[in-house]
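*Asks:*
Protein chains: 2
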Amino acid sequence: MAIGIKISLNEGLFQRDPQSTALGQKIIKHSILLIDEIGFEAFNFKKLAVRMQSTEASVYRYFENKHFLLLYLVCWYWEWVSYLIDVNTMNIEDPKRRLEIIIHTLVSASQENPAIEYVNESVLHRVVVAEGSKAYHIKDVDEENKVGFFLNYKQLSAKVATVIEELDANFPYPHAFASTLFEMANNHIYFAEHLPRLTDVKVQQGNFEEVEGMLKYFAFRLLCKNSG
Amino acid sequence: MAIGIKISLNEGLFQRDPQSTALGQKIIKHSILLIDEIGFEAFNFKKLAVRMQSTEASVYRYFENKHFLLLYLVCWYWEWVSYLIDVNTMNIEDPKRRLEIIIHTLVSASQENPAIEYVNESVLHRVVVAEGSKAYHIKDVDEENKVGFFLNYKQLSAKVATVIEELDANFPYPHAFASTLFEMANNHIYFAEHLPRLTDVKVQQGNFEEVEGMLKYFAFRLLCKNSG
DNA sequence: TGTTCATGATAGCAATACTATTATTGAAAA
DNA sequence: TTTTCAATAATAGTATTGCTATCATGAACA
Chain D
1 MAIGIKISLN EGLFQRDPQS TALGQKIIKH SILLIDEIGF EAFNFKKLAV
51 RMQSTEASVY RYFENKHFLL LYLVCWYWEW VSYLIDVNTM NIEDPKRRLE
101 IIIHTLVSAS QENPAIEYVN ESVLHRVVVA EGSKAYHIKD VDEENKVGFF
151 LNYKQLSAKV ATVIEELDAN FPYPHAFAST LFEMANNHIY FAEHLPRLTD
201 VKVQQGNFEE VEGMLKYFAF RLLCKNSG
Chain U
1 MAIGIKISLN EGLFQRDPQS TALGQKIIKH SILLIDEIGF EAFNFKKLAV
51 RMQSTEASVY RYFENKHFLL LYLVCWYWEW VSYLIDVNTM NIEDPKRRLE
101 IIIHTLVSAS QENPAIEYVN ESVLHRVVVA EGSKAYHIKD VDEENKVGFF
151 LNYKQLSAKV ATVIEELDAN FPYPHAFAST LFEMANNHIY FAEHLPRLTD
201 VKVQQGNFEE VEGMLKYFAF RLLCKNSG
């Protein structure tokens with residue numbers, strides 16, 4: 001996997017670019033691990049500082065508060081998925097095949113070889129599955145949307161919507177179905193693990209094949225009139 | 001609308017049953033309004049007490065903390081939807097018609113005539129749309145699930161799954177699709193209002209017809225082979 | 001060599017999340 | 001009627017959280 005890919009994110013998300021310094025990278029690394037361990041509600045900058053052997057004040061120099069840090073991590077994740085989709089669908093013409101690859105990538109992004117040493121992609125995936133929706137279910141969603149904090153997610157969604165439109169030009173809900181694919185992928189992984197009666201798929205030891213199968217079933221039953 | 005319907009909820013959700021006293025009902029009423037106004041993160045028992053002209057300590061006698069209060073409200077909402085679905089599908093045999101009614105009820109539950117004076121159903125609906133997923137995206141989800149806090153939602157989901165199975169006995173994901181319907185209904189209302197590029201439907205002044213149309217389109221395209 | 005700038009160390013303050021104690025009230029029970 | 005009892009109000013208090021300010025240190029760099 002390429003070393004040196006740089007995930008570029010909206011500058012308003014942080015006070016100082018955490019990717020550009022050793023301390024910033026430590027913040028990213030340990031915040032992922034700590035949120036995964038204790039959950040976003042119990043997580044705070046004091047605990048993070050202790051864990052990474054730094055100080056609360058130093059963390060505040062990078063992120064305004066823990067909400068922005070979570071949003072940063074979530075954006076990072078979607079940007080990473082977006083990058084993987086681009087790489088994996090490069091030179092693939094057939095839209096059906098493209099959508100298959102998109103779904104596969106979406107579900108298995110966390111198992112790709114680590115690209116960046118300070119981000120444990122598979123732990124980050126767990127964090128996004130468990131806490132990701134809190135990044136946009138906030139009172140200030142409109143202000144934050146206005147300044148572009150959700151652009152990554154919207155662009156990724158638009159990219160997938162384009163493929164859906166290619167596949168079935170008459171399908172009336174391409175954007176909705178694109179975002180539903182993302183939401184379903186994460187939701188059903190969470191359900192399988194914690195509320196299994198809300199789904200029909202099983203997940204064990206990071207094996208998400210059944211989720212992938214389900215998403216493909218939904219996609220091709222909705223979009224392809226004659227395909228199994 | 002019937003007066004005196006009683007929403008019955010898991011007793012572990014509260015310290016003292018809020019439906020049984022005037023103060024408890026005031027807590028329900030004002031917490032819905034206040035969470036809607038300032039969002040769940042900014043909401044706390046001190047502000048609630050001031051708003052309802054009572055004291056913090058009194059609120060704590062009903063709910064252990066604000067998480068349990070939110071969970072209570074969410075459970076209340078799903079129990080209310082469940083009740084409406086039962087009433088509306090009573091004596092309807094055709095499973096296709098039943099599913100149509102379920103989807104309609106799901107989307108327009110908030111517009112039913114108020115049944116209980118201390119609950120503003122349409123504000124509660126906004127709260128569930130905006131904050132509902134925080135009720136189960138928590139570190140203690142497994143413990144809370146074990147003691148039955150999510151039973152309402154799971155039973156409702158099971159109820160809908162049954163109809164899906166009647167409609168298409170070979171459909172392999174009835175539970176997943178049932179919960180997806182609930183999640184989509186709320187998500188796309190939220191998207192339409194705050195992140196419109198993530199959906200294709202429009203919502204204005206509490207008119208959710210386009211959401212309803214979309215859910216029906218998904219449902220019948222997935223489940224009925226010949227109903228375009 | 002002096003300046004700049006990131007970080008560490010420490011302190012502090014206002015708000016939050018609760019708990020405890022006592023007083024009051026209003027309704028049920030005797 | 002009086003007693004008693006439970007629910008609530010009033011008040012206070014503690015530990016933690018969320019965040020800011022200040023100053024010292026030490027590396028980079030001009």
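From first to last, the protein sequence lines stand for chains D and U. Sequential numbering from 1 applies to the first sequence in the numbering used here. Sequential numbering from 1 applies to the second sequence in the numbering used here. The C-beta atom is built at its ideal place from N, Cα and C for all residues, glycine as well.
Kindly list, in the order they appear in chain U, the residues whose Cβ is closer than 9 Å to that of K229(D).
*Replies:* Residue coverage of chain D in this structure runs from 1 to 228, which leaves residue 229(D) outside it and unanswerable.
*Asks:* Here's the rule: buried if 16 or more other CB atoms are within 10 angstroms of the residue's CB, otherwise exposed. What is Y60(D)?
*Replies:* Result: exposed.
*Asks:* What are the boundary residues of the alpha helix (DSSP H) that C75(U) is part of?
*Replies:* Looking at the DSSP string, the run of the alpha helix (DSSP H) that includes C75(U) is 66 to 89.
*Asks:* Quick check on F208(D) - is its C-beta less than 8 Å from some C-beta in chain U?
*Replies:* So no, F208(D) is outside the interface.
*Asks:* Are the CB atoms of N152(U) and S82(U) within a distance shorter than 8 Å?
*Replies:* Yes, the Cβ-Cβ distance between S82(U) and N152(U) is below 8 Å.
*Asks:* Which whole-angstrom value describes the C-beta separation of G132(U) and V74(U), a residue pair presumed to lie in contact below a C-beta threshold of 8 Å?
*Replies:* About 5 Å; that satisfies the 8 Å criterion.
*Asks:* Within 8 Å (strictly less), CB to CB, does L73(D) reach chain U?
*Replies:* Chain U, which has no Cβ nearer than 8 Å to the Cβ of L73(D), makes this no.
*Asks:* Leaving out the 5 sequence neighbours to the left and right, which residues in its chain are closer than 6 Å to W78(U) when beta-carbon positions are compared?
*Replies:* Taken in chain order, the residues that qualify are N152, Y153, L156.
*Asks:* Where do the N-terminal and C-terminal ends of the alpha helix (DSSP H) with F45(U) fall, by residue?
*Replies:* It spans 45 to 51 - the alpha helix (DSSP H) in which F45(U) sits, taken as one unbroken run.
*Asks:* Say whether chain U places a C-beta atom closer than 8 Å to the C-beta of D142(D).
*Replies:* Cβ-Cβ to chain U under 8 Å: yes for D142(D).
*Asks:* Between N145(D) and chain U, is any beta-carbon pair separated by less than 8 Å?
*Replies:* Yes, its Cβ sits closer than 8 Å to a Cβ of chain U.
*Asks:* How far does the alpha helix (DSSP H) with D231(U) in it reach, from first residue to last?
*Replies:* Since the first residue of chain U shown is 1 and the last is 228, residue 231(U) is not available in this structure.
*Asks:* At a CB distance below 9 Å, what residues from the region 51 to 69 of chain D approach chain U? Give them in sequence order.
*Replies:* So the list reads H67, given in the order they occur along the chain.
*Asks:* What distance in whole Å lies between the Cβ atoms of T199(D) and A219(U), which are believed to be in contact at a cut-off of 8 Å?
*Replies:* About 17 Å separates the two Cβ atoms, so there is no contact after all.
*Asks:* Using a beta-carbon distance below 8 Å, is N187(D) in contact with chain U?
*Replies:* Answer yes: the Cβ-Cβ gap between N187(D) and chain U drops below 8 Å somewhere.
*Asks:* Name the residue from R97(D), E11(D), Q15(D), A185(D) whose alpha carbon lies nearest to the alpha carbon of S58(D).
*Replies:* S58(D) has its Cα closest to that of Q15(D), out of R97(D), E11(D), Q15(D), A185(D).
*Asks:* Any beta carbon of chain D sitting closer than 8 Å to that of M214(U)?
*Replies:* Chain D contact via Cβ: present.
*Asks:* Between the beta-carbon of L215(U) and the beta-carbon of V129(U), is there less than 8 Å?
*Replies:* No, they are not a contact pair.
*Asks:* Let me make sure I understand the geometry here. Which of R97(U), L23(U), L71(U) has the alpha-carbon closest to that of T55(U)?
*Replies:* For the residues R97(U), L23(U), L71(U), the minimum Cα distance to T55(U) belongs to L23(U).
*Asks:* Go ahead and pull the three-state DSSP assignment for N246(D).
*Replies:* Examination of residue 246(D) is not possible in this model, given that chain D is present from 1 through 228 alone.
*Asks:* Taking its Cβ as the centre, do 16 or more other Cβ atoms sit within 10 Å of P114(D), making it buried, or is it exposed?
*Replies:* By the neighbour-count rule (16 or more Cβ atoms within 10 Å), P114(D) is not buried but exposed.
*Asks:* Buried or exposed for I32(D), please, with buried defined as at least 16 other CB atoms from any protein chain shown within 10 angstroms of its CB.
*Replies:* Counting Cβ neighbours within 10 Å, I32(D) comes out buried, since at least 16 surround it.
*Asks:* Does any residue of chain D have a CB that is nearer than 8 Å to the CB of A130(U)?
*Replies:* With 8 Å as the cut-off, A130(U) counts as an interface residue toward chain D.
*Asks:* Compute the Euclidean distance between the alpha carbons of I189(U) and Q53(D), then round it to the nearest angstrom.
*Replies:* Spanning the two alpha carbons is a distance of roughly 43 Å.
*Asks:* Please identify the residue among P196(D), A178(D), V141(D) whose C-alpha is closest to the C-alpha of V163(D).
*Replies:* That would be A178(D), whose Cα lies nearest to the Cα of V163(D).
*Asks:* Could you run through the region 107 to 136 of chain U and flag, in chain order, every residue whose CB is less than 8 Å away from some CB of chain D?
*Replies:* Cβ contacts with chain D: A130, E131, S133, K134, Y136.
*Asks:* Within 10 angstroms of the Cβ of E144(U), are there 16 or more other Cβ atoms? Answer buried if so, exposed if not.
*Replies:* Buried.
*Asks:* DSSP on N207(U), reduced to helix/strand/coil?
*Replies:* Reduced to three states, the DSSP call for N207(U) is strand.
*Asks:* Reducing DSSP to helix, strand and coil, say where Y217(U) ends up.
*Replies:* It is helical.
*Asks:* Measuring only the C-alpha atoms, how far is T105(D) from L84(D)?
*Replies:* Roughly 7 Å between the two C-alpha positions.
*Asks:* Relative to chain D, which residues along the region 16 to 42 of chain U have a C-beta separation below 8 Å, given in chain order?
*Replies:* Those residues of the region 16 to 42 of chain U that come within reach of chain D (Cβ to Cβ, closer than 8 Å) are I38, G39, E41, A42.
*Asks:* Does the beta carbon of M184(U) come closer than 8 Å to any beta carbon on chain D?
*Replies:* So, interface residue.
*Asks:* Put A42(U) into one of helix, strand or coil per three-state DSSP.
*Replies:* Note: A42(U) maps to coil in three-state DSSP.
*Asks:* Does the CB of F14(D) have a neighbour CB from chain U at under 8 Å?
*Replies:* For F14(D), the answer is no, since every Cβ of chain U falls outside 8 Å of its Cβ.
*Asks:* Compute the Euclidean distance between the alpha carbons of I27(U) and W76(U), then round it to the nearest angstrom.
*Replies:* Computed Cα separation, rounded: 14 Å.
*Asks:* Quick check on this structure: which residue in I103(D), Y173(D), S122(D) has the alpha carbon closest to the alpha carbon of E210(D)?
*Replies:* That would be I103(D), whose Cα lies nearest to the Cα of E210(D).
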